[in-house]
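Under my numbering, read the sequence shown as residues 206 to 647, first letter to last.
Yeah, the Cβ is synthetic: ideal placement off N, Cα and C, and Gly gets one too.
Working notes, beginning with the structure itself.
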Amino acid sequence: MTLELDDLRVRTLGECRFDSPFAEMLATKRTSPHYVHEDDRVLVDDTVSVLLARGVPIDRLPSLEAAGPRRKVYFDPAATSVGIVTCGGLCPGLNDVIRGIVQELTEHYAVAHIYGFRNGYAGLTRRHRERVVELDLHAVRDINNDGGTILGSSRGDQCPEEMVDTLVELGIDVLFVIGGDGSMRGAMKLTREIDARGLDIAVVGVPKTIDNDLPYTDQSFGFQTAFAQATEFIASVFVESQAAENGVGIVKLMGRHSGFIACYAALSNNDADFVLIPEVPFVLDGPNGVLRRVEDHVRRHGQVVIVVAEGAGQELLEQEGRTTDASGNTKLGDIGLFLKQKITEHLTEVDLPPTVRYLDPSYAIRSVAANAYDSVYCVRLAHAAVHAGMAGRTDTVVVRWRRRFVHIPMRLITSHRNQVDPDGDLWMSVLEATGQPASFGT
Ligand SMILES: Nc1ncnc2c1ncn2[C@@H]1O[C@H](COP(=O)(O)OP(=O)(O)O)[C@@H](O)[C@H]1O
Ligand SMILES: O=P(O)(O)OC[C@H]1O[C@](O)(COP(=O)(O)O)[C@@H](O)[C@@H]1O
Ligand SMILES: [Mg+2]
Numbered sequence: 206m207t208l209e210l211d212d213l214r215v216r217t218l219g220e221c222r223f224d225s226p227f228a229e230m231l232a233t234k235r236t237s238p239h240y241v242h243e244d245d246r247v248l249v250d251d252t253v254s255v256l257l258a259r260g261v262p263i264d265r266l267p268s269l270e271a272a273g274p275r276r277k278v279y280f281d282p283a284a285t286s287v288g289i290v291t292c293g294g295l296c297p298g299l300n301d302v303i304r305g306i307v308q309e310l311t312e313h314y315a316v317a318h319i320y321g322f323r324n325g326y327a328g329l330t331r332r333h334r335e336r337v338v339e340l341d342l343h344a345v346r347d348i349n350n351d352g353g354t355i356l357g358s359s360r361g362d363q364c365p366e367e368m369v370d371t372l373v374e375l376g377i378d379v380l381f382v383i384g385g386d387g388s389m390r391g392a393m394k395l396t397r398e399i400d401a402r403g404l405d406i407a408v409v410g411v412p413k414t415i416d417n418d419l420p421y422t423d424q425s426f427g428f429q430t431a432f433a434q435a436t437e438f439i440a441s442v443f444v445e446s447q448a449a450e451n452g453v454g455i456v457k458l459m460g461r462h463s464g465f466i467a468c469y470a471a472l473s474n475n476d477a478d479f480v481l482i483p484e485v486p487f488v489l490d491g492p493n494g495v496l497r498r499v500e501d502h503v504r505r506h507g508q509v510v511i512v513v514a515e516g517a518g519q520e521l522l523e524q525e526g527r528t529t530d531a532s533g534n535t536k537l538g539d540i541g542l543f544l545k546q547k548i549t550e551h552l553t554e555v556d557l558p559p560t561v562r563y564l565d566p567s568y569a570i571r572s573v574a575a576n577a578y579d580s581v582y583c584v585r586l587a588h589a590a591v592h593a594g595m596a597g598r599t600d601t602v603v604v605r606w607r608r609r610f611v612h613i614p615m616r617l618i619t620s621h622r623n624q625v626d627p628d629g630d631l632w633m634s635v636l637e638a639t640g641q642p643a644s645f646g647t
């Protein structure tokens, strides 16, 4: 997708007329290597060749609005009510984001009310309206020490009209949606309904994905915590595989469409000999197939460790009878167990009867509390989201792009999926670290 500058402009509800609590602090600030002024913009591209190829003046290059506090805000803080909802799969750091939003809104903007909706978009429906909780500093004090989300989450479609009725009933001015691609699609339906009714409600997203598969964001929050957890499971099967004759360790990791968790976890301690991800198809049979390569490795080293992303090799599995979850995500076939079976059969056939250690840590990598790095990242995203909302930005998501916090239009975050580029440097690092071939098969 070729982006033009105008595709990157975020929507705003109107002129910012109220004094911001940060006005004094910002009065003398100018752009520096470590700060981007609110009137400045951050470039999307960062290579000379791409910038030159655009062939436009610098001020027409694709660029993003800087996130952060404004000197003036759109909403009168003392009269502002805010809602927060967390949707979709869990991710380390959800509580940190909630906490950061509540603290910033309370301590600096001193808004009138902060409401938490329970269990995702379901919490905005009529039947769950009475379960809305009021959030204050006390309610969020220690929540960063826990995984999950104090608000709960859910998948499954809800009616935008009904959800907007709830926002109106509670007098919500800004809704913060912490969620993934599905949540942002839902949030865009909310803004469409808000626009249709001519309401003055801002919707600001904080992108969440354990798989790191959302575009226009350096790396999603919680991802680092999750792959660090995954590393422990790889280390376990490595130890087991070393201790056994023809030891085979297999770890299946989350990653429906993108193999980032598998790549990073595998690189982290370099115990993996093969990494299989959705972005790089593979074949099992033949002289260059996975089975022969695994066999060669076991012959040479006496053991092997394979890390497989759950979405890898789906084309090798039975496609019939595939169902979808409540949000419409296709349920995947189990590539981990399939590989376990095929590798066991193959090694037994070639007289290398294996001892297989198979781990599927599944939810164990995403249900933990965020590590210190992710906690910092979450609180900074939370602050950015609050500033965006108070400044009347809507249909907008806050992200970190090339280490700067910026605003992007919500529709861009759902425009495509971030995937491991088989021609990119991450996959090259995986190939270097594992020594596996660039492709299996022909
Ligand atoms: N196209 C869509 N339109 C409206 N709501 C959606 C859409 N896709 C998902 N949602 C809703 O967003 C919420 C979270 O979506 P889901 O796909 O489960 O997780 P994620 O946000 O992590 O992608 C669910 O309540 C789901 O029904
Ligand atoms: O069982 P659930 O809750 O549907 O979640 C499982 C799936 O969600 C994912 O973590 C993706 O979710 P996110 O990218 O939205 O975090 C997949 O990797 C995983 O298979
Ligand atoms: Mg999703």
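Q.
If contact is defined by three or more beta carbon pairs under 8 Å, each pair taking one atom from either stretch, is the segment 453-463 in contact with the segment 610-618?
A. The segment 610-618 vs the segment 453-463: no contact.
**Q.** Closest by C-alpha distance to residue 434, when choosing among 235, 619, 571 and 229
**A.** Your numbering for residue 434 matches position 229 in the sequence shown. For residue 434, the nearest C-alpha among the options comes from 571.
**Q.** Cβ distance (whole Å) where residue 575 is taken to contact residue 427 below 8 Å
**A.** Start at 1 with the first residue of the sequence shown, and residue 575 comes out as number 370. Start at 1 with the first residue of the sequence shown, and residue 427 comes out as number 222. 6 Å between Cβ atoms; contact.
Q.
My assumption, with CB atoms under 8 Å, is that residue 483 sits in contact with residue 464. Please give the rounded CB distance.
A. Here residue 483 corresponds to residue number 278 of the sequence shown, with the count starting at 1. Here residue 464 corresponds to residue number 259 of the sequence shown, with the count starting at 1. Confirmed, about 6 Å.
Q: Could you check how far apart the C-beta atoms of residue 337 and residue 328 are, in whole angstroms? I think they sit under 8 Å.
A: As a position in the sequence shown, residue 337 is number 132, starting the count at 1. As a position in the sequence shown, residue 328 is number 123, starting the count at 1. Confirmed, Cβ separation roughly 7 Å.
Q: Look at the alpha carbon of residue 591 and the alpha carbon of residue 309, and state the distance between them as a whole number of angstroms.
A: Within the sequence shown, numbered from 1, the residue matching residue 591 stands at position 386. Within the sequence shown, numbered from 1, the residue matching residue 309 stands at position 104. Each residue's alpha carbon lies about 7 Å from the other.
**Q.** Cβ-based neighbour list, residue 281, same chain, cut-off 6 Å, excluding 5 preceding and 5 following
**A.** Numbered from its first residue, the sequence shown carries residue 281 at position 76. 223.
Q.
Check this for me: beta carbons of residue 363 and residue 326, under 8 Å apart or not?
A. Position 158 of the sequence shown holds residue 363. Position 121 of the sequence shown holds residue 326. Yes, the pair counts as a contact, with Cβ atoms nearer than the cut-off.
Q.
Distance check for residue 472 and residue 407, CA to CA, integer angstroms please.
A. Numbered from its first residue, the sequence shown carries residue 407 at position 202. Numbered from its first residue, the sequence shown carries residue 472 at position 267. Straight-line Cα distance between these residues: approximately 41 Å.
Q: Apply the 10 Å Cβ neighbour rule to residue 389 and answer buried if 16 or more other Cβ atoms are within range, or exposed otherwise.
A: Along the sequence shown, read from residue 1 onward, the residue named residue 389 stands at position 184. Result: buried.
Q. Three-state secondary structure (DSSP) at residue 588?
A. Residue numbering aside, residue 588 sits at position 383 when the sequence shown is read from its first letter. In this structure, residue 588 counts as helix in the three-state DSSP scheme.
**Q.** Beta-bridge partners of residue 452, as assigned by DSSP
**A.** Here the question's residue 452 lines up with position 247 in the sequence shown. DSSP, once it has assigned bridges, lists 508 and 560 as partnering residue 452.
Q: Could you please give the first and the last residue of the uninterrupted alpha helix (DSSP H) stretch that includes residue 616?
A: As a first step, residue 616 is located in the sequence shown; it is residue number 411 there, counting from the start. Note, residue 616: alpha helix (DSSP H), 615-618.
(Q) So for residue 457, helix, strand or coil by DSSP? (A) By one-based count along the sequence shown, residue 457 stands at place 252. Three-state result, residue 457: strand.
Q) Alpha carbon to alpha carbon, how far is residue 469 from residue 331? A) As a first step, residue 469 is located in the sequence shown; it is residue number 264 there, counting from the start. As a first step, residue 331 is located in the sequence shown; it is residue number 126 there, counting from the start. Their Cα atoms are separated by approximately 42 Å.
(Q) Three Cβ pairs or more, each shorter than 8 Å: is that satisfied between the segment 259-277 and the segment 341-352? (A) no
Q: Give the straight-line distance between the Cα atoms of residue 383 and residue 545, rounded to the nearest whole angstrom.
A: Along the sequence shown, one-based indexing puts residue 383 at 178. Along the sequence shown, one-based indexing puts residue 545 at 340. Their Cα atoms are separated by approximately 36 Å.
Q: Verify the contact flag: residue 534, CB atom, against every heavy atom of ligand 3, threshold strictly below 7 Å.
A: For the purposes of this step, residue 534 is identified with residue 329 of the sequence shown, where counting begins at 1. It does: the Cβ of residue 534 is within 7 Å (strictly closer) of some heavy atom of ligand 3.
(Q) Could you check if residue 371 belongs to the surroundings of ligand 1, using beta carbon to heavy atom distance under 7 Å? (A) Here residue 371 corresponds to residue number 166 of the sequence shown, with the count starting at 1. No.
Q.
Please state whether the Cβ-Cβ distance between residue 420 and residue 395 is less than 8 Å.
A. Residue numbering aside, residue 420 sits at position 215 when the sequence shown is read from its first letter. Residue numbering aside, residue 395 sits at position 190 when the sequence shown is read from its first letter. No; because the gap between Cβ atoms is not below 8 Å, this pair is not in contact.
Q: Quick one: using the 10 Å Cβ neighbour count with 16 as the cut-off for buried, is residue 621 buried or exposed?
A: As a position in the sequence shown, residue 621 is number 416, starting the count at 1. Under this definition residue 621 is an exposed residue.
**Q.** residue 414: CB within 7 Å of a non-hydrogen atom of ligand 1
**A.** The count along the sequence shown starts at 1 and reaches residue 414 at position 209. Yes, ligand 1 has a heavy atom inside 7 Å of this Cβ.
Q. Does the separation of the CB atoms of residue 511 and residue 466 fall below 8 Å?
A. As a first step, residue 511 must be located in the sequence shown, where it is residue number 306. As a first step, residue 466 must be located in the sequence shown, where it is residue number 261. Going by C-beta atoms, residue 511 is not nearer than 8 Å to residue 466.
(Q) Relative to the C-alpha of residue 640, which candidate in 291, 233, 499 and 489 has its C-alpha closest? (A) The count along the sequence shown starts at 1 and reaches residue 640 at position 435. The residue among 291, 233, 499 and 489 with its C-alpha nearest the C-alpha of residue 640 is 499.
**Q.** Closest residue to residue 345 among 436, 303, 380 and 367 (Cα-Cα distance)
**A.** Against the sequence shown, residue 345 aligns to sequence position 140. Each of 436, 303, 380 and 367 was checked against the Cα of residue 345, and the nearest Cα belongs to 303.
Q. In terms of residues, what are the limits of the alpha helix (DSSP H) holding residue 637?
A. In the sequence shown, residue 637 corresponds to position 432, counting from 1. Taken as a continuous stretch (DSSP letters only), the alpha helix (DSSP H) holding residue 637 covers 630-639.
Q | Identity of the residue in 399, 412, 548 and 585 nearest residue 479 by Cα | A | Locating residue 479 in the sequence shown gives position 274, counting from the first residue. Of 399, 412, 548 and 585, the residue nearest in Cα terms is 548.
Q: Answer yes or no: do residue 540 and residue 513 have a C-beta to C-beta separation smaller than 8 Å?
A: Translated into positions along the sequence shown, residue 540 becomes position 335. Translated into positions along the sequence shown, residue 513 becomes position 308. Going by C-beta atoms, residue 540 is nearer than 8 Å to residue 513.
Q. Does at least one heavy atom of ligand 2 sit under 7 Å from the Cβ of residue 296?
A. As a working note, residue 296 is residue 91 in the sequence shown. Yes - ligand 2 has a heavy atom lying nearer than 7 Å to the Cβ of residue 296.
**Q.** Local conformation of residue 270 per DSSP, three classes
**A.** Numbered from 1 along the sequence shown, position 65 holds the residue referred to as residue 270. In the structure shown, residue 270 sits in a strand (DSSP, three-state: E or B).
Q.
Any heavy atom of ligand 3 inside 7 Å of the beta-carbon of residue 491?
A. Residue numbering aside, residue 491 sits at position 286 when the sequence shown is read from its first letter. Not so, every heavy atom of ligand 3 lies at least 7 Å from the Cβ.
Q) Are the CB atoms of residue 415 and residue 296 nearer to each other than 8 Å? A) Translated into positions along the sequence shown, residue 415 becomes position 210. Translated into positions along the sequence shown, residue 296 becomes position 91. For residue 415 and residue 296, yes; Cβs fall inside 8 Å.
Q | For residue 226, the first and last residue of its enclosing alpha helix (DSSP H) | A | Counting from 1 along the sequence shown, the entry for residue 226 is found at position 21. Neither: residue 226 is in no alpha helix (DSSP H) and is coded neither H nor E.
Q) Any idea if residue 207 is buried or exposed, counting beta-carbon neighbours within 10 angstroms, 16 or more meaning buried? A) Position 2 of the sequence shown holds residue 207. With fewer than 16 other Cβ atoms within 10 Å, it is exposed.
Q: Go to residue 288, then tell me how far its beta strand (DSSP E) extends in each direction, as first and last residue.
A: What you label residue 288 is simply residue 83 of the sequence shown in a count that begins at 1. Its beta strand (DSSP E) spans residues 286-291.
Q | residue 606 versus residue 588: straight-line alpha-carbon distance, rounded | A | Here the question's residue 606 lines up with position 401 in the sequence shown. Here the question's residue 588 lines up with position 383 in the sequence shown. Spanning the two alpha carbons is a distance of roughly 16 Å.
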